[in-house]
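J.: Line by line, the protein sequences are chains Z and W.
All residue numbers for the first sequence refer to the working numbering, where the first residue is 1 and numbers rise by one.
All residue numbers for the second sequence refer to the working numbering, where the first residue is 1001 and numbers rise by one.
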Amino acid sequence: MSAGDTHVNSPEIQRLARVIEPGHSYATVTDKIASIVLTRPTSLGWLAGFSIAFTLMMVLMGSIAWLVTKGVGIWGINIPIGWGFAIVNFVWWIGIGHAGTLISAILFLLNQKWRTSINRFAEAMTLFAVACAGIFPLIHTGRPWMAYYMFPYPSTMGIWPQFRSPLIWDVFAVSTYGTVSALFWFVGLIPDLATLRDRATNKAAQIIYGMLAMGWRGSARHWHRYQSAYLLLAGLATPLVLSVHSVISFDFSIAIVPGWHTTVFPPYFVAGAIYSGFAMVLTIAIPLRKAYDLEDFITMRHLENMAKVMLATGLIVAYGYFFEFFMSLYSGNKFDVFLVQQRLHGPYSSYYYALILCNILTPQVLWFQKMRTNVAVLFVMSLVINVGMWLERFVIVVISLTRDFMPSAWGRYQPTFWDWSTFIGTLGLFVSLLFLFVRALPAISIAEMRELVHTSEDHE
Amino acid sequence: MNLPHPELYGLLGEFDSPERLMDAAKKIREAGYRRIDAFVPFPVEGLSQALGLGRKHDLVPLLTLIGGLGGGLTGFFFQVWVNMSSYPMNIAGRPLNSWPAFIPVTFELTVLGGSLFAVFGMLALNKLPQPHHPLFNVERFKRASNDKFFLCIEAHDPKFHLEETARLLQSVNAQHVTEVRDED
């Protein structure tokens, strides 16, 4: 206490503690955020960025078209490696989505004010990441047009999905997650859509935002129910987000494959998901605040807090790696011991070392406040962690499947051009959606920012 | 119903801070008006109490509970029915009603049911979507979604009297008092 007291009032400490820069009123907050959508001209930077992303999205469309024409044989998968890139990317994308729900639901329940200016685009990121994730299991089935077989519908064949299978749990978890995230996002948007409706000067915008706002007029009676619905949704989304990556980890841990069959998987997957998700939120937030001059709203405090969350979840992930390693050796099971050797010395060991470097070693610089408040370092770090988390899923899927029990059943996995083009294509889809989102909807919740202005006035 | 002005919806007072609005709402309630509502750009703590809205106005939690229980029970018993009656499959002699394996789907459907009921219940109770409302005829009302705080006394209120009510709104420091009309 006493050591810190002398510093509490220093301008530097105050600067780092602010969730909104001083001097804002309800009207300036509204103007600033709504103008990005309504009045700001489309910049060349936006057009250039969107064109690149859209081109990559077309690569995705082309890759899927070729896949549907030729079948999954165009990918590098073959028995014994049936999963490959499709599942690696699926798990990676779903994990990224988790930070959005964590920010919007869990930090809301914990009454963390710093969530306010980042929750909207983080939730959008969740939706777009789930959209990218959903593509992979669908096309990995080989016959995506038969995907409705996974849903329990009364068929003339008289059969039902196998409800004891984690793959069916996945269908329910991911589709519920997508639906609830969309609802949560939309409910949060309603008051802001009304603001855009009231401020738009162009007829088409008035009609579109007007329809989406559904006649919201900010009645106290409406707000009353709105707030309880929002709180309840946050309460429901919190266990949901923890369940989704747990269910995805069951896809692995319920199988008996060495390296997968461990009880540490659900918490370790959830921590990894939040880790990669916060990295992606930073990857988006840093250019966004720069491009649209939102430094007043997405302050250093936000960036630093996100860095702290990354550091904490990164340590949980490190703990998971350590115990995975330790339990394999401690079990004495020769297949598990062999798996550890494969990770350290096998054909894919370079991926394993790269993973340790990206996910465990480099993020340790975040212990230092100088690093946490350096935007360039944070941006690089967020990219490193994104890569690291992708490598983690690659290591889990590929090393275990290539060398499981019988040497006669071993194999190798080499991703093909189409594996890469599909993966890069989903990055294009994700970024395209983000670009459109920033131009069409308020990237920061205006109503919540006004509330923040109100409460920060009270304290002064 | 004393409606000397059939197209009149009510009187709208404008305030520039939530505190002034709350203060005015309390005074207007004390003056005996009951059909009043406030329109604000963000949720203001204590406003529902100032307007005299009790817990009974909020059925959203109950609907959410019903949705959640409904989703969960349907999900669980559906799986039991599928596995025990509709399509029993003996897998390695394990029991047909292997209920622990049904929990993930049951959980997901609980959350799904609760969320759908919370959102659509909230919208239905708020009578949204509602494309037309007399308040939208007031030009200044656009700022209810920006930086102004409004209080509306509806013409249905038994105590409503055009001149007196307008005077009352002015006496509680409303900056502008506007008549809201439902013109078609």
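The C-beta atom is built at its ideal place from N, Cα and C for all residues, glycine as well.
Since Met-389/Z contacts Trp-92/Z with CB under 8 Å, what's their CB separation in whole angstroms?
T.: Sure, about 6 Å apart at Cβ, within 8 Å.
J.: Taking a Cβ distance cut-off of 8 Å, strictly less, list which residues of the segment 16–50 of chain Z are near chain W, in chain order.
T.: Of all residues in the segment 16–50 of chain Z, Ser-25, Tyr-26, Ala-27, Thr-30 have a Cβ within less than 8 Å of some Cβ in chain W.
J.: Along chain W, which residues have their Cβ under 7 Å away from the Cβ of Trp-169/Z?
T.: What Trp-169/Z touches in chain W: Pro-1104, Val-1105.
J.: Check distances from the C-beta atoms of the segment 1115–1138 of chain W to those of chain Z and list, in chain order, the residues that come in under 8 Å.
T.: Listed by position along the chain: Ser-1115, Leu-1116, Ala-1118, Val-1119, Gly-1121, Met-1122, Leu-1123, Leu-1125, Asn-1126, Leu-1128, Pro-1129, Gln-1130, Pro-1131, His-1132, His-1133, Leu-1135, Phe-1136.
J.: Can you tell me which of the three DSSP states Ala-99/Z falls into?
T.: Looking at Ala-99/Z - three-state DSSP - the assignment turns out to be helix.
J.: Starting from Tyr-148/Z, trace the beta strand (DSSP E) in both directions and tell me its first and last residue.
T.: It is not in any beta strand (DSSP E) - Tyr-148/Z carries neither H nor E in the DSSP assignment.
J.: Taking Cβ positions only, does Lys-1142/W come closer than 7 Å to chain Z?
T.: Yes, because at least one Cβ of chain Z sits closer than 7 Å to the Cβ of Lys-1142/W.
J.: At 4 residues or longer, what runs of the alpha helix (DSSP H) sit wholly inside the segment 116–175 of chain Z?
T.: The qualifying runs are 119–140.
J.: Take the Cβ of Thr-116/Z as the centre, count every other Cβ of all protein chains shown within 10 Å, and call the residue buried at 16 or more, exposed below.
T.: By the neighbour-count rule (16 or more Cβ atoms within 10 Å), Thr-116/Z is buried.
J.: Just to confirm my understanding: we take Phe-379/Z, look at its own chain, exclude 5 residues before and 5 after, and list those with CB closer than 6 Å. What are they?
T.: So the list reads Ile-286, once near-sequence residues are dropped.
J.: Does the structure place the segment 406–418 of chain Z close enough to the segment 108–125 of chain Z that three or more beta carbon pairs sit under 8 Å?
T.: Verdict: no, contact absent.
J.: With a CB to CB cut of under 7 Å and the five nearest residues on each side skipped, what residues in its chain are close to Glu-457/Z?
T.: Here the set comprises nothing.
J.: By the criterion of Cβ-Cβ separation under 8 Å, what are the contact partners of Tyr-1087/W in chain Z?
T.: Those within 8 Å of Tyr-1087/W in chain Z are Gly-158, Ile-159, Trp-160.
J.: Tell me the DSSP bridge mates of Glu-1179/W?
T.: Per DSSP, Leu-1011/W.
J.: Quick one: is Gln-1175/W near chain Z, going by C-beta distance under 7 Å?
T.: Not one chain Z Cβ lies under 7 Å of Gln-1175/W.
J.: Does the structure place the segment 37–54 of chain Z close enough to the segment 434–447 of chain Z that three or more beta carbon pairs sit under 8 Å?
T.: Flag = yes, the segment 434–447 of chain Z and the segment 37–54 of chain Z touch.
J.: When you compare only the Cα positions, how much space is there between Gly-259/Z and Val-247/Z?
T.: Each residue's Cα considered, the two are about 17 Å apart.
J.: Name the chain W residues that come within less than 7 Å of Gly-215/Z, Cβ to Cβ?
T.: Those within 7 Å of Gly-215/Z in chain W are Leu-1128, Pro-1129, Gln-1130, Pro-1131, His-1133.
J.: For the 8 Å Cβ check, are there 3 or more pairs between the segment 191–204 of chain Z and the segment 436–453 of chain Z?
T.: Judged by Cβ distances under 8 Å, the segment 191–204 of chain Z makes contact with the segment 436–453 of chain Z, as three or more pairs qualify.
J.: Closest to Gln-317/Z by C-alpha separation, out of Thr-201/Z, Gln-364/Z, Gln-162/Z, Glu-304/Z, would be which residue?
T.: Looking at the sequence shown, residue 317/Z is not Gln but Val. Measuring from the Cα of Val-317/Z, the nearest candidate turns out to be Gln-364/Z.
J.: Under 7 Å, Cβ to Cβ, is there at least one residue of chain Z near Thr-1064/W?
T.: With 7 Å as the cut-off, Thr-1064/W counts as an interface residue toward chain Z.
J.: Within 6 Å: the Cβ of Tyr-26/Z and any heavy atom of the ligand COA?
T.: Among the components modelled here there is no ligand, and therefore nothing to report on the ligand COA.
J.: Give a yes or no on whether the C-beta atoms belonging to Ala-279/Z and Ser-382/Z are separated by under 7 Å.
T.: For Ala-279/Z and Ser-382/Z, yes; Cβs fall inside 7 Å.
J.: Quick one: which chain Z residues come within Cβ less than 7 Å of Gln-1079/W?
T.: The contacting residues are Phe-163.
J.: Could you check which residue in Ser-1115/W, Leu-1109/W, Leu-1051/W has the C-alpha nearest to that of Leu-233/Z?
T.: Checking every option, the nearest Cα to that of Leu-233/Z belongs to Ser-1115/W.
J.: Taking the continuous alpha helix (DSSP H) assigned at Ile-1028/W, which residues delimit it?
T.: Where Ile-1028/W is concerned, the enclosing alpha helix (DSSP H) stretches over 1018–1030.
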